[in-house]
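Working notes for the structure below.
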Amino acid sequence: MGPRLKLFIPLILFVVLALFLLRGLELDPREMPSALIDRPLPEFTLPSLGSDTLVNRDAVIGEVALFNVWATWCVSCRVEHPYLNQLTQQGVPIYGVNYKDEDQDALRWLQELGNPYRLNIVDADGSLGLDLGVYGAPETYLVDAGGVIRYRHVGVVDERVWRDILQPIYQELLEERAP
Amino acid sequence: MHPIRKQRLYLVLFLILFSSVAVGLVTYALRGNINLFFSPADVAAGKAPVGQAIRVGGMVVEGSVQRSDDSLAVRFVVTDYEATVPVVYEGILPDLFGEGQGAVASGALDEYGVMQATEVLAKHDENYMPPEVADALEKSGYDHKGKAQ
Amino acid sequence: MIPEIGHYALINALCLAVILAVLPAWGAWRRNTTAMSLAPGLAVGQLVFVAISFACLAAAFLQDDFTVKVVASNSNSLLPPMYKFSALWGNHEGSLLLWALILCFWTTAVALLSPQLPMQVLSRVLSVMGGIAVGFLSFSLFTSNPFERLLPGSPVDGSDLNPLLQDPGLIIHPPLLYMGYVGFSVAFAFAIAALLGGRLDASWARWSRPWTNVAWAFLTLGIMLGSWWAYYELGWGGWWFWDPVENASFMPWLAGTALIHSLAATEKRGLFKSWTVLLAIFAFSLSLLGTFLVRSGVLTSVHAFATDPARGMFILLFLAIVVGGSLILYALRAPAVSSRVSFAWVSRESLLLFNNVVFLVATLTVLFGTLFPLFMDALGQGKYSVGPPYFNAVFVPLMALLAPFMGLGPVSRWKGDTVARWKGELGISAAVAVVCGLTLPLLGADYNLWVALAALLAAWLVLGLVRDAWYRVRGASSLGSGLRRLTPSYCGMLLAHLGFAACVLGVVATSQYNVERDLKMSPGDSETLAGYTFEFVELAPVRGPNFVADEARFRVTKDNELIATLAPQKRRYLASGSVMTEAAIDAGLFRDLFVAMGEPIGSDGAWAIRLHYKPMVRWMWLGAILMGFGGFATALDKRYRRQRRTATASAQGVLHGA
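Protein chains in written order, with my numbering: chain L, 1 to 179; chain D, 1001 to 1149; chain F, 2001 to 2658.
Take a look at the structure:
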């Protein structure tokens, strides 16, 4: 080995390390699998927020849509809320699952911050949440026209999440349905 | 041989010797002290070894935590929504531990498929809140008023 | 309005940093005096703008401006003011701003305190630091802007600071730690400047040495505070967990320890030049790597802030540029042929070399253990975790190997020494050390071989140092004038090494003699542990400013004599609803008594209680404090100031020679 060449050893070691770190970025140590991917949305019969009517599974399927689990006690939900408003304006159907929350608080929230939801399922005791495998908020599920859950996102939906993760799947599902 | 070159040779030999000792030490230490993570589904599928140090993690099932009345023994069930694993542990649980929250138990599986945990860690994510963090804003607002009076 | 001013100031700071990174370096290259003379001014300007930005964020926190996102998610109107202030760095965005502020502070310190440094060297150094500032300021502005607003729809009140962080120790822990981390950027900048200038000689070692020592001292104190905080605040009596975040601060410390010793050899004897440069790069790279590990979320940790892959990518890119760039520069510019200076095997140099090898190997084993889960995951081998036993198994033998040689180092001579002289100097101390090793463990609960070994090694270190110091002082007319004869850098070394001995003793004694019991206790119960009787007197609800708590009141007696009353709490913080254990500790020089509450058991008022008897646990932190003060003391040495002045003359040669 030439005397100059050996000075490159630290560099080579670092490059190897950096490649591992790059790979590490793609892996998420906190990744949590959902059992419900590619399974039908669970059956439910629950009140709809702001009205006395009950809704069930059939009322919310038939179209590719987002199901957003939210609550007024969840600060991160407040963070994602403006972006949900934008998505609705772009024509993306969003159903809300108001999770373990008070109706009055939820209604006031929607009045203050805008209402991006087609309708809100009131899941006051978390029973739908339990069936869905929800363990916190916010969570967002992408459900296809046949009522099958195709993707689950844990955490805030913002522009980056939509652009990089949800939108590609959403488009694919729309095209799946077209032919 | 030039004395400086000779010294360098010894130096290199010493370094090689020392680092092989270190590498040996590392391999020895690694062998007994690493443990692999399994999800409850893996455990149910029989992928996890019995009697070896492993970790099992998932959500603590609501209503599954049972405490003994006369000792520090506690029993709970973790799930990944595909399968469940019962965990028994004797000791003090971390503050963040709770039903419906993430937890990781390290220990070993016994022959009945029960995780005998020696340590329980609770997971916590500040951007993603479980309902326990409920009525944060209202409550603190209320207390604030209470204090002001 | 205030947050916008802060944001604007941060943008200005970034602009100045870009100019600082480019202009003086260009000036140094083209010999443009005007360009070079701008460097100190730019450094000061950068500091001013970042300080304004920091002050604005602090104001937002203190005024409860919940329209600002970081304030809303990390503060609360009920929070005591000092925690509102420290909440600023209890989150990703704010701590980055603190990092940038400290970097600018170091840059300005170098700019103002180095009037004797040749202009070309100073310009290069400041440019390199400016470049690092560009990285951090753009990281802050583009991926984690602390001034982001929550408009419309800002909450009425914030979601509170993590209760674990509501603690006096945590107010100063991050700033101290960052002073250390970022302080290594000075050593790094000097090394890069030397590589750029093409002259690696004793003078650059002399210039960067006081800076490196001070940074190391800060890092030592920062790590010590972190360990102390974990001990009393995490509630379970552990003081070091080998958690990835702890390792992230420990690795730069290990590399930094190697660096400060290697710098000594380079300064005094012109030895190991390339090696020292490499260590300087290494120490700072590990600081950056630590940041990457903590902020990117590639490793899970109890300490980690909320993570975001975009941020991880940014730091990785930055890491690649800084570390990759400097290693390329190193490969191209470091002197390939090693120094012509030779040294004897029995000499201070060889002992310093041994120190370097041990600390480097220690760094690498910790690095390996920390990254092992990542390696395995990347190779598709599953999700592993590496536990504390691994780290203890590799780290303890390395340190045990170090100590015997460490006792020789300070008393041995440069260039060449003889074994015969060592025998003469240290024969008696060795004998006394053996006696100490044999007898001291008798004071403990039972005779323990590990404690015997630790006592032997610690006594060996202390006796050698004390004897050496005594021989230096002895000849003087009075003790005072004799002590004055000792230079600050000698005293610093003395303190740091004594601190290390105290640390070794503390760590081993507390791990071996620690008595720990988890049990169920009801009011009225008592339990005896290591001769101390813990009586659970009563359980009472108490109220704090922003929490409610159950408080267990304990009376601790020994031989029917009251030793302490301890009142651990289980707190529920009102704003976030999070539950926290507040341990009660009766601290003492030779033992700590520790009580913590687990959870209520059953319905009759019984609780899970953890009792600890921890002998000599304080020695570890006192040792670390001694080490830190030692590091500061060395920088006071007049020699650096004086020699820097004489260095100006030789540095003129750098200008002409380059």
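All C-beta atoms, glycine included, are put in the ideal place defined by N, C-alpha and C.
The model shown is predicted, which means the values in this text are computed figures rather than measured ones.
The contact set of residue 2243 of chain F on chain L, defined by CB atoms closer than 7 Å, is empty, because the minimum CB distance reaches about 14 Å. The beta-carbon of residue 1043 of chain D is placed no less than 8 Å from the nearest beta-carbon of chain F.
Following the DSSP letters along the chain, one finds residue 2499 of chain F inside the alpha helix (DSSP H) bounded by residues 2488-2513.
Around the beta-carbon of residue 1027 of chain D, fewer than 16 other beta-carbon atoms lie within 10 Å, marking it exposed.
Residues of chain L whose Cβ lies closer than 7 Å to the Cβ of residue 2323 of chain F are, in chain order, 14.
Nearest C-alpha to residue 2201 of chain F among F/2363, F/2274, F/2595, F/2568: F/2274. Contact with chain D is found for residue 2384 of chain F, since one of that chain's Cβ atoms lies less than 8 Å from the residue's Cβ. Taking 8 Å as the cut-off, the Cβ atoms of residue 2420 of chain F and residue 2437 of chain F do not count as close. Look at the region 85-114 of chain L: the residues with a C-beta under 8 Å from a C-beta of chain F are 112, 113. Considered as a whole, the region 37-80 of chain L harbours 57-60 as its complete alpha helix (DSSP H) runs of no fewer than 4 residues, in chain order.
Against chain F, the CB of residue 44 of chain L has no partner CB under 8 Å away; the residue lies outside that interface. Excluding its 5 nearest sequence neighbours in each direction, residue 153 of chain L has C-beta neighbours in its own chain below 8 Å: 139, 140, 141, 142, 161, 165, 166, listed in chain order.
For residue 120 of chain L, same chain residues with a beta-carbon under 6 Å away, outside a window of 5 residues either side, are 49, 96, 98 in chain order. Counting C-beta atoms within 10 angstroms of its own C-beta, residue 89 of chain L has fewer than 16 neighbours from the protein chains shown and is therefore classed as exposed. Judged by their CB atoms, residue 2385 of chain F and residue 1037 of chain D are nearer to each other than the 8 Å cut-off. The three-state secondary structure of residue 1079 of chain D, taken from DSSP, is strand.
Judged by DSSP in its simplified three-state form, residue 2530 of chain F adopts coil rather than helix or strand.
Leaving aside the five residues that flank residue 2108 of chain F on each side, the residues in its chain whose CB is nearer than 6 Å to its CB run, in chain order, 2043, 2044, 2047. DSSP places residue 2557 of chain F within a strand segment (E or B) once states are collapsed to three. In the assembly as shown, residue 2583 of chain F is a buried residue. Its beta-carbon has 16 or more other beta-carbons within 10 Å.
At a Cβ-Cβ threshold of 8 Å, residue 2415 of chain F and residue 2344 of chain F count as neighbours. Residue burial annotation: residue 6 of chain L is exposed, with fewer than 16 other C-beta atoms found within 10 angstroms of its C-beta.
The Cβ atoms of residue 2095 of chain F and residue 2163 of chain F lie no closer than 8 Å to each other. With fewer than 16 neighbouring CB atoms inside 10 Å of its own CB, residue 2238 of chain F falls in the exposed class. Here residue 2067 of chain F carries a coil assignment [DSSP, helix/strand/coil].
One finds 2365, 2368, 2394 in chain F with Cβ atoms closer than 7 Å to the Cβ of residue 1026 of chain D, taken in chain order.
Interface residue (Cβ-Cβ distance to chain L less than 8 Å): residue 2141 of chain F is not classified as such. Beta-bridge pairing by DSSP links residue 99 of chain L to L/123. Among the residues facing chain F, residue 71 of chain L is not included, as its CB has no counterpart in that chain under 8 Å away.
Nearest neighbour of residue 2317 of chain F by Cα position, chosen from L/4, L/22, L/78, L/10, turns out to be L/22.
Across the region 2391-2418 of chain F, no CB contact with chain L closer than 9 Å is found for any residue. Following the DSSP letters along the chain, one finds residue 2212 of chain F inside the alpha helix (DSSP H) bounded by residues 2202-2233. Among the bridge pairs identified by DSSP, residue 2550 of chain F is matched with F/2541, F/2570.
Taking C-alpha positions only, residue 2323 of chain F is separated from residue 2405 of chain F by approximately 32 Å. Residue 2426 of chain F sits close to residue 2464 of chain F, with the two beta carbons spaced by under 8 Å.
The CB of residue 18 of chain L comes closer than 9 Å to the CB of 2316, 2319, 2320, 2323, 2324 in chain F, given here in chain order.
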